[in-house]
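A.B. asks: Using the working numbering, the letters of the sequence shown map in sequence onto residues 2 to 245. Ideal Cβ placement from N, Cα and C applies to all residues, glycine included. Keep in mind that this is a model prediction, so the values were computed, not measured. Before I ask anything, here is the structure I am working with.
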Amino acid sequence: MPGPDERLEGGAFVVTGASRGIGRAIALDLARRGASVVLVAKKRAGLEAVLDIIEGFGGQAVAVDVDLGDHEKLVAVADAIGQLHPQINGLVNAAAALGPMTALEWTDLANWRRVIDVNLTGTFAMTRVLMPLLRKAPWASIVNLSAAQGRQGRAWWGAYSAAKFGVESLTQTWAQELEKTEVRINAVDPGPTQTDMRQRAYPGEMPDRNPPPEQILPIFRFLLSPASRGVTGRALNARDFMPE
2 MPGPDERLEG GAFVVTGASR GIGRAIALDL ARRGASVVLV AKKRAGLEAV LDIIEGFGGQ
62 AVAVDVDLGD HEKLVAVADA IGQLHPQING LVNAAAALGP MTALEWTDLA NWRRVIDVNL
122 TGTFAMTRVL MPLLRKAPWA SIVNLSAAQG RQGRAWWGAY SAAKFGVESL TQTWAQELEK
182 TEVRINAVDP GPTQTDMRQR AYPGEMPDRN PPPEQILPIF RFLLSPASRG VTGRALNARD
242 FMPE
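In structure tokens form, the structure reads like this:
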């Protein structure tokens with residue numbers, strides 16, 4: 002169970018990509034710590050499954066199904082969230098699209114746009130529309146999911162790598178623009194983790210060689226709490242926060 006200093010009663014958080022993988026684990030952890038969570042993902046069925054778990058242990062959550070690549074709809078999503086929560090304490094941009102693993106020379110433009118739209122533009126657009134609610138909170142934290150491919154380019158990862166490099170730059174830019182506010186923002190590389198996306202990227206890899214999402218939660222618990230005040234614009238690694 003969470004310790005007293007980790008409780009988040011009264012806090013409201015938005016998690017994209019909340020139907021599976023790392024986003025799901027973060028959303029469940031926030032709800033267990035007493036926060037009210039807005040679950041965001043493209044597929045309703047996956048969200049309903051997470052919502053059922055949260056309601057099962059007495060947590061508070063609502064589900065919003067929206068395609069983050071459809072940026073115009075995000076304004077309506079933000080308005081709906083604002084009706085529920087006049088202010089929010091945190092946003093986790095965990096939604097991601099891998100796209101085909103292929104050489105840049107053979108990358109289809111439609112696939113390129115889709116990966117950029119979800120990973121980079123979706124992160125920017127969701128942060129932008131929720132910023133008024135984040136600014137209203139006494140403290141607020143934004144966590145952008147990055148990747149090793151966003152810090153060192155790698156063959157076959159073209160669009161995904163470019164998008165995650167963009168997320169890193171976006172994080173640093175927001176941090177400078179928000180430096181005189183109570184809103185902080187950081188990027189986290191989760192490292193290899195047991196997720197469906199990892200399995201698609203490395204189909205021959207044994208899943209149990211990597212930790213499940215639940216084991217990399219310490220960094221998110223830190224960043225999504227008042228304890229991380231003053232930490233902003235950083236490129237962090239989840240592994241550095243895991244217990245030895």
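(1) Quick one: using the 10 Å Cβ neighbour count with 16 as the cut-off for buried, is Val-184 buried or exposed?
(2) Between Glu-106, Leu-134, Pro-212, Ala-148, which has its C-alpha nearest Trp-157's C-alpha?
(3) Mapping DSSP to helix, strand and coil, what is Phe-14?
(4) Quick check on the burial criterion: 16 or more other C-beta atoms within 10 angstroms. Buried or exposed for Gly-70?
(5) Here's a check: name, in chain order, each residue in its chain whose Cβ is nearer than 7 Å to the Cβ of Thr-26, leaving out the five neighbours to either side.
(6) Leaving out five residues on either side along the sequence, give the residues of the same chain with a beta carbon under 6 Å from the beta carbon of His-72.
(7) Measure the alpha-carbon distance for Ile-82 versus Val-39 and round it to whole angstroms.
(8) Does DSSP classify Ser-20 as helix, strand or coil?
(9) Just to confirm the assignment, what range does the beta strand (DSSP E) spanning Gln-177 have?
(10) Quick check on the DSSP output: the beta strand (DSSP E) that includes Leu-110 runs from which residue to which?
(11) Given this structure, state the Cα-to-Cα distance separating Leu-110 from Ala-97, to the nearest angstrom.
(12) Would you call the region 32–47 and the region 161–172 in contact, with 3 or more CB pairs under 8 Å?
(13) For Asp-241, which three-state DSSP category applies?
(14) Based on DSSP bridge pairs, tell me the residues matched to Leu-40.
(15) Along the chain, where does the alpha helix (DSSP H) containing Gly-83 start, and where does it finish?
(16) Can you list, in chain order, the residues of its chain whose CB lies under 6 Å from that of Phe-221, leaving out five sequence neighbours each side?
(17) Would a C-beta distance cut-off of 8 Å place Leu-130 and Val-76 closer than the cut-off?
(18) CB-CB under 8 Å to Arg-305, same chain, minus the five flanking residues each way: which ones, in chain order?
(19) Could you check how far apart the C-beta atoms of Ala-202 and Leu-146 are, in whole angstroms? I think they sit under 8 Å.
(20) Pick helix, strand or coil for Leu-135, following the three-state DSSP scheme.
(21) Quick one: residues in its chain with C-beta nearer than 6 Å to the C-beta of Lys-43, no 5 flanking neighbours on either side, listed in chain order?
(22) Using CA atoms only, rank isn't needed, just tell me which of Val-189, Leu-179, Asp-209, Gln-153 is closest to Gly-231.
(23) Return the first residue and the last residue of the beta strand (DSSP E) that Ala-51 is part of.
(24) Pull up the distance between the alpha-carbon of Val-79 and that of Leu-237, whole angstroms please.
(25) Is the Cβ-Cβ distance between Gly-24 and Val-16 less than 8 Å?
C.D. replies: Per the coordinate set shown:
(1) Here residue 184 refers to the residue found at position 183 of the sequence shown. Residue environment analysis places Val-184 among the buried positions, since at least 16 neighbouring C-beta atoms fall within 10 angstroms of its C-beta.
(2) As a working mapping, residue 157 is identified with position 156 in the sequence shown. Checking every option, the nearest Cα to that of Trp-157 belongs to Glu-106.
(3) Taking the sequence shown and counting its residues from 1, the one referred to as residue 14 is at position 13. For Phe-14, the three-state secondary structure derived from DSSP is strand.
(4) Along the sequence shown, read from residue 1 onward, the residue named residue 70 stands at position 69. Classification of Gly-70: buried, given that the 10 Å Cβ count is 16 or more.
(5) The residue you call residue 26 lines up with position 25 of the sequence shown. Checking the sequence, you will find Ala at residue 26 rather than Thr. Counting only Cβ-Cβ distances below 7 Å, and skipping sequence neighbours, we find Pro-214, Glu-215, Leu-218.
(6) Taking the sequence shown and counting its residues from 1, one reaches residue 72 at position 71. So the list reads Ala-126, once near-sequence residues are dropped.
(7) As a first step, residue 82 is located in the sequence shown; it is residue number 81 there, counting from the start. As a first step, residue 39 is located in the sequence shown; it is residue number 38 there, counting from the start. Their Cα atoms are separated by approximately 8 Å.
(8) Along the sequence shown, one-based indexing puts residue 20 at 19. Coil.
(9) Counted from its first residue, the sequence shown places residue 177 at position 176. No beta strand (DSSP E) holds Gln-177; the alpha helix (DSSP H) holding it covers 159–178.
(10) Start at 1 with the first residue of the sequence shown, and residue 110 comes out as number 109. The continuous stretches of beta strand (DSSP E) do not include Leu-110, which lies in the alpha helix (DSSP H) extending over residues 110–117.
(11) Taking the first residue of the sequence shown as 1, we reach residue 110 at position 109. Taking the first residue of the sequence shown as 1, we reach residue 97 at position 96. Near 18 Å, if we compare the C-alpha coordinates of Ala-97 and Leu-110.
(12) Cβ pair count under 8 Å is below three, so no.
(13) Counted from its first residue, the sequence shown places residue 241 at position 240. Here Asp-241 sits in helix by DSSP.
(14) Within the sequence shown, the letter at position 39 stands for residue 40. Val-16, Ala-64.
(15) The residue you call residue 83 lines up with position 82 of the sequence shown. In this chain, the alpha helix (DSSP H) harbouring Gly-83 covers 74–85.
(16) In the sequence shown, the residue the question calls residue 221 occupies position 220. Ile-27, listed in sequence order.
(17) The residue you call residue 130 lines up with position 129 of the sequence shown. The residue you call residue 76 lines up with position 75 of the sequence shown. Contrary to the premise, residue 130 reads as Val rather than Leu in this sequence. Yes, these two residues count as a Cβ contact at 8 Å.
(18) The first residue shown for the chain is 2 and the last is 245, placing residue 305 beyond what the model contains.
(19) In the sequence shown, counting from the first residue as 1, residue 202 sits at position 201. In the sequence shown, counting from the first residue as 1, residue 146 sits at position 145. About 15 Å separates the beta carbon of Ala-202 from that of Leu-146, a gap too long to meet the 8 Å contact definition.
(20) Counted from its first residue, the sequence shown places residue 135 at position 134. It is helical.
(21) Locating residue 43 in the sequence shown gives position 42, counting from the first residue. These residues qualify, in order along the chain: Asp-68.
(22) Counted from its first residue, the sequence shown places residue 231 at position 230. Answer by Cα proximity: Leu-179.
(23) Within the sequence shown, residue 51 is the residue found at index 50, counting from 1. The sequence as given places Val at residue 51; Ala does not occur at that position. Unbroken run through Val-51 is the alpha helix (DSSP H), 45–57; no beta strand (DSSP E).
(24) Working through the sequence shown from its first residue, we reach residue 79 at position 78. Working through the sequence shown from its first residue, we reach residue 237 at position 236. Here the sequence assigns Ala to residue 79, which means Val is not the residue at that position. If you take the alpha carbons of Ala-79 and Leu-237, they lie about 27 Å apart.
(25) Counting from one through the sequence shown, the residue named residue 24 turns up at place 23. Counting from one through the sequence shown, the residue named residue 16 turns up at place 15. It is a contact, given that the beta carbons lie within the stated cut-off.
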